[in-house]
Ligand SMILES: [Ca+2]
Ligand SMILES: [Ca+2]
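In our numbering, the protein residues as written are 36 to 314.
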């Protein structure tokens with residue numbers, strides 16, 4: 036947690052990064068951090084020191100960044116750039132971060148200078164745009180930059196875990212081979228696809244079987260789900276001695292009550308079913 040690294044407007048340097056790697060640093064990894072009320076969260080490179088790179092490569096992923104409303108004065112905000120920046124840093128991957136700036140700064144992510152090439156900003160969830168400045172180039176894909184505080188568990192405390200109602204982010208990301216877990220270490224993807232931002236949504240609320248009926252020789256059951264979660268259906272011949280075997284696994288949650296069919300169940304004296312969150 037990086038917290039309150041916020042200089043007064045009278046300071047000589049107004050935009051000190053909480054995490055700064057420069058002067059020819061390479062391949063830095065910054066992940067699973069929370070930044071609350073910091074002037075700038077992460078900088079890979081600052082100076083345009085051509086022909087040398089100030090930084091090269093590296094990854095910024097699965098971080099939460101939050102500035103509370105009104106943190107910056109109007110004049111301060113007017114001179115802001117971005118919170119996650121790659122300046123004179125080619126090949127930097129800024130993927131799967133959640134950035135809630137609440138109007139304090141212009142850009143969630145900024146790439147700057149013509150030497151900054153081959154970078155990525157993908158699956159970013161933010162309330163501010165991603166910016167290419169001074170001829171920088173980067174691949175931008177699957178970013179949602181219209182986030183609002185109501186999507187998150189406790190935004191004023193920088194708890195930017197997704198609520199179940201954040202359906203425009205849950206399962207809406209592209210799957211990246213370079214980001215296989217999230218802020219919490221949860222594996223990605225869960226459910227039908229990766230979630231946009233640093234958090235892959237999970238819930239501890241267990242599913243509940245809401246309907247079970249025979250259809251010919253099949254058993255059809257329904258169960259409660261959350262969008263973004265994965266579910267298993269298991270069966271057993273009794274609830275005392277026998278082991279549970281899988282009927283279906285990693286079924287993507289829909290937010291509704293999907294149906295599962297277990298075929299050829301007739302001829303059994305009895306059979307039991309349970310639904311669970313996929314491990
Ligand atoms: Ca998670
Ligand atoms: Ca998901």
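Ideal Cβ placement from N, Cα and C applies to all residues, glycine included.
Check: Identity of the residues DSSP links to residue 140 by a beta bridge; Outcome: Partner(s): none; residue 140 has no beta bridge.
Check: Where the beta strand (DSSP E) through residue 121 begins and ends; Outcome: 117 to 122
Check: For residue 145, the nearest candidate out of 162, 136, 227, 171 (CA to CA); Outcome: 171
Check: Length-filtered (3 minimum) beta strand (DSSP E) runs lying within the stretch 37 to 69; Outcome: 52 to 56, 64 to 66
Check: Contact test: residue 226 Cβ vs ligand 2 heavy atom, cutoff 7 Å; Outcome: yes
Check: Endpoints, the beta strand (DSSP E) within which residue 222 is located; Outcome: Residue 222 -> no beta strand (DSSP E), and no H or E assigned at all.
Check: First and last residue of the uninterrupted beta strand (DSSP E) at residue 96; Outcome: 94 to 96
Check: Straight-line Cα distance separating residue 81 from residue 151; Outcome: 11 Å
Check: Delimiting residues of the beta strand (DSSP E) encompassing residue 157; Outcome: 154 to 157
Check: Environment of residue 64 [buried if 16+ CB atoms lie within 10 Å]; Outcome: exposed
Check: Pick from 96, 248, 130 that is closest to residue 295, judged by C-alpha positions; Outcome: 248
Check: Cβ pair residue 260, residue 266 closer than 8 Å; Outcome: yes
Check: Anticipated Cβ contact below 8 Å, residue 226 with residue 206, distance rounded; Outcome: 5 Å
Check: Minimum C-alpha distance to residue 40 - residue among 92, 164, 96, 106; Outcome: 106
Check: Neighbourhood of residue 44 by C-beta, 8 Å cutoff - its chain only, sequence neighbours within 5 removed; Outcome: 108, 110, 111
Check: Collapsed DSSP secondary structure at residue 71 in the structure displayed; Outcome: strand
Check: Residue 206: CB within 7 Å of a non-hydrogen atom of ligand 2; Outcome: yes
Check: Cβ-heavy atom distance, residue 229 to ligand 2, below 7 Å; Outcome: yes
Check: Where residue 113 sits in the DSSP three-state scheme; Outcome: helix
Check: Beta-carbon proximity of residue 299 to residue 257, cut-off 8 Å; Outcome: no
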